[in-house]
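Protein chains in written order, with this note's numbering: chain A, 1111 to 1344; chain B, 129 to 290.
Just so you know, even glycine gets a beta-carbon here, dropped at the ideal spot from N, CA and C.
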Amino acid sequence: MSAGTVKLKIDNIEVNVPEGTMILEAARANGVVIPTLCDVEGLTAYGGCRMCMVEIHGSPKLFASCVTPVSTGMEIVTQSDKLKEYRKMALQFILSERSHICSVCVANNSCELQKLANELGVDHVQFEREWTSFPVDSTHDFLVLDRNRCILCTRCVRVCDEIEGVHTLDLKLRGKDEQVIVDLDDQWGESTSCTSCRKCAKVCPVGAIYVEGEALSETKDKNVAKFVLSRRNR
Amino acid sequence: MLKDDNRKAMIDKVMKEHNYEESSLLEILHKAQDSYGYLDKILLTYIAKSLTLPPSHVLGVATFYSFFKLKAPGEHVVTGCLGTACYVKSVDDIMTAIEHDFNIKRGGSTPDGKLSLFITRCIGACAMAPNIIVDDEVIGKATKEVVVERVRLALEGGGRRR
């Protein structure tokens, strides 16, 4: 990263950040909260959930702040009616894709999707729901993968690849059939590459990967990636 | 374990040409499907090991593109283009007719392994929509009658084997 500093405005606050910083990081560093679902500090940005969209003065387009680098003179708006509508719409699409039924979910009350829906005021889904049923994999000793609750944020895939380094998890297929797989779409219990490190369960924002018999609030420590990296780079 | 034969030697050669680069995965998958007809788990595992790629990543790529087949196709293969132009030109009706006449489902094969019916997205011949591919022969401006007749001919041994 070059040493230059970039001066810009986020929600009318003047900020100075190093060149190459993403808007999301710049906002966070200056106390501005932008909603996210796929972002985890310490992992590569994915830009998949579309929750962190922001407006940049002078452009009619919306930008995903986690993958848009800052530049000098930018004037960024992170909260507006347009953005709220957009985020609500994107969230409804996510909700309509799988059977997100909070009352029967292990993640109830410690779910980022649920929390965000509350915050944005999404209390119903205006689209027809897609009720495709996906297999649940509970063959692992203690990790459970319930694809019906997955929002395809790829946090687990990235933490498995970038932090644990084994890349056991990935996605297969595309569109409404897209789903998380273990190795060559094997049963998790038979996986030879999985190290059972639980990081995937820790970063999962919903109840798609969880540790059997453990309360979600105990399992989840979202800072696992950042922590490991900081220890590694000492 | 992958059997030692010409087909394996072919993939090995291509992988060596590409210096076992991770980025050559697509190229290798193409070659592998060329030689084997489809990509099964043993083959994918072998490719993953050779290129030192995670198996899940290799399967992810192979399933992302509808071109790659993960199951053995039948002796004869019919592929319907479900791109926008073909869709608008009612390719669906032709597909339904094939499904009905040959008792087969999209993405599947007949129990005797004689015929497979696949779908694909846009083969780039939109001016000729609707397009159906029967054993590597593209039938443009296809109609139910022409396609069903062509498939019947192929099944009776008149068509070129894939």
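Query, Result
"C-alpha gap between Gly287/B and Thr1242/A, whole angstroms", "Confidence is the limiting factor: at Gly287/B the pLDDT is only 49, short of 50, which leaves the residue's position unreliable, though a coordinate-based value still follows. Looking at the two C-alpha atoms, the distance is approximately 38 Å."
"Pairwise C-alpha distance: Glu1165/A and Val1142/A", "14 Å"
"Validate contact between the region 1170-1186 of chain A and the region 1115-1125 of chain A using beta carbons, cut 8 Å, 3 pairs", "yes"
"Contacts that Ile1291/A makes with chain B (C-beta to C-beta distance below 9 Å)", "Ser184, Leu187, Gly188, Thr191"
"Proximal residues to Arg289/B (C-beta, below 8 Å), its chain only, five neighbours per side dropped", "Confidence is the limiting factor: at Arg289/B the pLDDT is only 49, short of 50, which leaves the residue's position unreliable and the question unanswerable from this model."
"Cross-chain neighbours of Leu172/B in chain A, by beta carbon under 9 Å", "Leu1294"
"At least 3 beta-carbon pairs within less than 8 Å: the region 171-178 of chain B vs the region 219-231 of chain B", "no"
"Beta-carbon separation (whole angstroms), Val1267/A vs Leu1281/A, contact threshold 8 Å", "6 Å"
"Which of helix, strand or coil DSSP assigns to Asn1122/A", "coil"
"Neighbourhood of Met1161/A by C-beta distance below 6 Å, restricted to the same chain and skipping five residues each side", "Pro1145, Thr1146, Leu1147, Arg1197"
"Contact set between the region 1266-1284 of chain A and chain B, restricted to residues whose Cβ is under 9 Å from the partner", "Val1267, Cys1270, Asp1271, Val1276, His1277, Thr1278, Leu1279, Asp1280, Leu1281, Lys1282, Leu1283, Arg1284"
"Cβ of Lys233/B within 8 Å of any chain A Cβ", "no"
"Contacts that Lys199/B makes with chain A (C-beta to C-beta distance below 7 Å)", "Per Cβ cutoff of 7 Å: no residues; Lys199/B is ~13 Å from chain A at best."
"Residues that Ser1303/A contacts on chain B, provided the C-beta gap is smaller than 9 Å", "Pro182, Pro183, Ser184"
"Best match in Ser1306/A, Glu1288/A, Val1321/A for proximity to Cys1260/A [C-alpha to C-alpha]", "Glu1288/A"
"For Leu198/B, the three-state DSSP class (helix, strand or coil)", "coil"
"The region 204-213 of chain B in contact with the region 262-276 of chain B per 3-pair CB rule at 8 Å", "yes"
"Alpha-carbon spacing of Ser1206/A relative to Val1276/A, whole angstroms", "32 Å"
"Selected residue, minimal CA-CA separation from Ser163/B, among His185/B, Lys242/B, Asn134/B, Thr238/B", "Asn134/B"
"Partner residues on chain A for Lys169/B, Cβ-Cβ distance less than 9 Å", "Leu1294, Asp1295, Asp1296"
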